[in-house]
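One structure is given below, encoded as structure tokens.
There are 2 protein chains.
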Amino acid sequence: MHAEIFALGSELTTGAKLDTNSQWLSVELAALGIETRFHHTVADDLPAMLDELRAAAFRSELAILTGGLGPTADDLTRDALAQLAGVPLEEDAASLAHVLACYRRFGRPMPPKNRVQALVPAGAEVVPNPRGTAPGLWMTLPPGAGPDAPGGPGGCTLVALPGVPAEMKPMFRESVAPRLPRGTNLIRVARVNLFGAGESSVEERLGDLTARGRVPEVGITAHEATITLRIVARGTDETEIERQFAEVRRLAAERVGDLIFGEEDDTLAGRLLATLRARGETLAVAEVGTGGRLADWLSEEDDPAAPAFLGGVTENRDDYCLGEPVAPGDAAERVRRQWGATYALFTPTLSAEGDGPGLTLATPDGPVREPYRRVGDSTIARSRLGKAALDLLRRHLVGLAT
Amino acid sequence: MHAEIFALGSELTTGAKLDTNSQWLSVELAALGIETRFHHTVADDLPAMLDELRAAAFRSELAILTGGLGPTADDLTRDALAQLAGVPLEEDAASLAHVLACYRRFGRPMPPKNRVQALVPAGAEVVPNPRGTAPGLWMTLPPGAGPDAPGGPGGCTLVALPGVPAEMKPMFRESVAPRLPRGTNLIRVARVNLFGAGESSVEERLGDLTARGRVPEVGITAHEATITLRIVARGTDETEIERQFAEVRRLAAERVGDLIFGEEDDTLAGRLLATLRARGETLAVAEVGTGGRLADWLSEEDDPAAPAFLGGVTENRDDYCLGEPVAPGDAAERVRRQWGATYALFTPTLSAEGDGPGLTLATPDGPVREPYRRVGDSTIARSRLGKAALDLLRRHLVGLAT
């Protein structure tokens, strides 16, 4: 089964808004074994929409549309689907009741123009929208011979959903995905997160694991110095896919295990706080180069009921901490004592030229120092420095940095 | 002139990557007066690409393509354009020299497969790429009668650019935009940034300024409690557009002037630091609820050569600061003295229930206190609290908060 995805609305073709729905839908469809070959973004223009919809309905078996279901004159999805199928629009009593009920909940009368949201192409079904006024539509064009059969030789199912992601996504998962036929080739993605080496050096150490055409496919992406292995497994069932994930995880652990800090949405700060909490230990920070970013990450991911992050200071020079001159890096120990923490991390300035103090981790057994090579003071350089500091403590806790 | 934009690559249709090039190109084209009616994203599949390109070339006068110009077997843009025009691919000597020169700069021999990057559809021109190996292509299909003329009745110019935004964007601005005909309806966007009230309350105060169909059009968007007015002006020349921008700016200043803090990419932190620097004043922070985020914003936007932000502390409770118990809010004055700053801001905890200390601004003339209504401890709640703190100082400096 092949799918095409439509994002409808002039706010997208003018560039006023970025469409992220189509990407999300592609991943969801792939997980069901349905391959997407086209995304289409079309302005609020009925002939343009019909032109693209006709081509898609003829050549593909599934089209998912988002947007254009609002109450105003430029919301044309209902009209486009009716004209594509060659049927009239009819008022659906249940949909009208739903729109009216929404406005009762808002505590105001339904504006007359919203009545169009209850119109449905004759023969189409309504997809319920528990989070908004616009119901979705599910329309089937039967397979037909000849160039005039709108569904083409394979027929086509067209599903229209609202453009608001918070409404569209649950509607897709609750009411659309369960009704779609499963393909024979499920595609699932798993992620392994690394820090502490560049993309090309990780690639070299991984060897054939990232070779083109390998099964499963393993890609490398980098974002603010975090390296992510993206495992794309294809298989006919979950067991086969899990087996592929497990094999890559095992090989990655063998080859770059010292760099791996987590999986999926794990962050260095989040994993580190969990480890500290489990050990009954705490952390404070003395920031120059990261300027508050470490504190922001740690306080945001910490558990306020059982904090492992105690706080810290931001200074704008390396040789001063809390009103006193300090030797380079000694700010870590100063802050560790001030907050009564097990550990404290110091990040050096990024804006100076040449050599300077490196990273320092203050521990109950004395400081651990590491040189740090500056690469300018951009927002990425700050994030990289912050992650290097967290990673120094991570490695210390597993005996890799002493 | 109508344009269609293509983003080519299976990494887009599978959802592995998000296409942001098409949005960027739409905005650039609109500024030239060229309207985009379609975006197309197509998998690495030659028949699928040809299908969409044929429809676009026939009905529109301009198609901009990104992606598919790399050296591997799934980079099909060159082949698709040649087949669309019905011409062979020919090796371009200047392009080959460019690819070879790139590899000499990398310090390694050109892999044989990269030779395909010098192939050009016969009759097409090369668009230079100073930042990468893949040259772009500029191909013109003349206007023709009948359904077999690939350029359709109006003819079509097709421009293929690399998918890497850092290469594509300067190529578009340097070598493509200057050659495109200017439309008669230029579209430009200007932004005015506000803080301190909700979206619906701002909309109410703006009155008819945001009415549908008004000229110029004014939209409201909200991002982490910053409200942005987006003015979309259309006109035949720059003077007409500037007149429209000026009129909206004047009306916005009359109606919500107390909330306006900047324009375009201005942030509250950046504007505030500029004001402090001009006054020869400085700022420190005592953060609980913002947990380091204020320091991060301020240190990132500050000028290291003439810092107006001196630093501060992050604590995880309201009643403690630098190892001493403090009365709620007194942390601001404690930190102001510690850092020798003109002002200091205190942000209260977000994670507690019920009433608590509000925001405090410590000044040389004593504290300014404002209650703050908590709305939970999400990342948006933290940003909102941080902006409320900065805005308290902004208003104090202009005499609106005393």
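Taken in order, these protein sequences are the chains called L and Z. In case it helps, our numbering puts the first sequence at residues 14 to 415. In case it helps, our numbering puts the second sequence at residues 14 to 415. Beta carbons are placed, not taken as given, at the ideal position from N, Cα and C, and that holds for glycine. Quantities reported herein were computed from a predicted structural model and do not represent experimental measurements.
- DSSP state of asparagine 206 (chain Z), grouped into three classes? strand
- Item | Spatially closest choice to leucine 9 (chain Z) from Z:Leu59, Z:Val388, Z:Glu383, Z:Thr392, by CA coordinates | Residue 9 (chain Z) lies beyond the stretch modelled for chain Z, which goes from 14 to 415, so this question has no answer here.
- Task: Give the range of the alpha helix (DSSP H) segment to which methionine 181 (chain Z) is assigned.
- Result: 178–184
- alanine 259 (chain Z): buried (16+ other C-beta within 10 angstroms of its C-beta) or exposed? exposed
- Hey, is leucine 307 (chain L)'s beta-carbon within less than 8 angstroms of any beta-carbon in chain Z? yes
- Would you call the CB atoms of threonine 362 (chain Z) and arginine 330 (chain Z) closer than 8 angstroms? yes
- Query: Taking only beta-carbon atoms, is alanine 345 (chain L) less than 8 angstroms away from chain Z?
  - Reply: no
- Task: From the DSSP output, read off the bridge partner residues of histidine 111 (chain Z).
- Result: Bridge partners of histidine 111 (chain Z): none, in fact.
- Reducing DSSP to helix, strand and coil, say where methionine 123 (chain Z) ends up. coil
- Query: Do glycine 157 (chain L) and isoleucine 47 (chain L) have their CB atoms nearer than 8 angstroms?
  - Reply: no
- Less than 8 angstroms separating the beta-carbons of alanine 147 (chain L) and leucine 102 (chain L)? no
- Taking all protein chains shown into account, do 16 or more other C-beta atoms lie within 10 angstroms of the C-beta of glycine 293 (chain L), making it buried, or fewer, making it exposed? exposed
- Task: For the alpha helix (DSSP H) holding proline 60 (chain L), just list the boundary residues, first then last.
- Result: 59–72
- Item | Proximity below 8 angstroms, CB of valine 231 (chain Z) to CB of isoleucine 244 (chain Z) | yes
- Option in Z:Ala401, Z:Leu406, Z:Glu17 with minimal Cα separation from proline 377 (chain Z): Z:Leu406
- Query: What did DSSP end up calling glycine 412 (chain L) once you bin it into helix, strand or coil?
  - Reply: coil
- Counting pairs of beta carbons, one from the region 204–220 of chain Z and one from the region 97–113 of chain Z, are three or more of them closer than 8 angstroms? no
- Task: Report yes or no: do the region 300–318 of chain L and the region 318–337 of chain Z share at least 3 C-beta pairs separated by less than 8 angstroms?
- Result: yes
- beta-carbon glutamate 103 (chain Z) near the ligand NAD non-hydrogen atom, thresh 7 angstroms: For the structure depicted, the ligand NAD is absent and the ligand set is empty, with no information on it obtainable.
- Query: Applying a beta-carbon distance threshold of less than 8 angstroms, which residues of chain Z neighbour aspartate 423 (chain L)?
  - Reply: There is no way to answer for residue 423 (chain L), as the model of chain L reaches only from 14 to 415.
- Around the Cβ of leucine 285 (chain Z), are there at least 16 other Cβ atoms within 10 angstroms (buried) or fewer (exposed)? buried
- Query: Within 8 angstroms (strictly less), CB to CB, does valine 40 (chain L) reach chain Z?
  - Reply: yes
- Rounded to a whole number of angstroms, what is the C-alpha to C-alpha distance between glycine 342 (chain Z) and leucine 323 (chain L)? 19 angstroms
- Alpha carbon to alpha carbon, how far is glutamate 59 (chain L) from arginine 72 (chain Z)? One point to set straight first is that residue 59 (chain L) is leucine, not glutamate, in the sequence displayed. Taking the straight line joining both Cα atoms gives about 15 angstroms.
- Item | Cutoff 8 angstroms; reference glutamate 41 (chain L); Cβ partners in own chain excluding five residues on either side | Phe185, Arg186, Ala190
- Task: Could you please give the first and the last residue of the uninterrupted alpha helix (DSSP H) stretch that includes valine 40 (chain Z)?
- Result: 34–44
- Can you name, in chain order, every residue of its own chain whose Cβ lies under 6 angstroms from the Cβ of glutamate 346 (chain L), other than the five neighbours on each side? Ala375
- Message: Could you tell me the alpha carbon to alpha carbon distance between glycine 164 (chain Z) and methionine 152 (chain Z), rounded to whole angstroms?
- Response: 11 angstroms
- Specify, as a first and last residue, the run of the beta strand (DSSP E) that leucine 264 (chain L) falls within. Counting along the chain, leucine 264 (chain L) falls outside any beta strand (DSSP E), though it belongs to the alpha helix (DSSP H) covering 251–269.
- Task: Please list the partners that alanine 68 (chain Z) has in chain L, where partner means a Cβ-to-Cβ separation under 9 angstroms.
- Result: Asp64, Glu65, Ala68
- State yes or no: is the C-beta of leucine 113 (chain Z) within less than 8 angstroms of the C-beta of alanine 93 (chain Z)? no
- Query: Since arginine 204 (chain Z) and proline 229 (chain Z) are thought to touch, with beta carbons under 8 angstroms apart, how far apart are those beta carbons, to the nearest angstrom?
  - Reply: With a Cβ gap of about 13 angstroms, arginine 204 (chain Z) and proline 229 (chain Z) do not count as contacting.
- Item | Of the residues Z:Val411, Z:Ile200, Z:His15, the one placed nearest alanine 69 (chain Z), counting alpha carbons only | Z:His15
- Query: Just the Cα atoms here: how many angstroms apart are leucine 45 (chain L) and threonine 280 (chain Z)?
  - Reply: 43 angstroms
- Of the choices Z:Leu199, Z:Asn127, Z:Ala173, Z:Thr288, whose alpha-carbon is the least far from that of leucine 250 (chain Z)? The sequence shown places aspartate at residue 250 (chain Z), rather than the leucine named in the question. Residue Z:Leu199 is the option with its Cα nearest to aspartate 250 (chain Z).
- Item | Cα-Cα separation, leucine 25 (chain L) to serine 35 (chain L) | 12 angstroms
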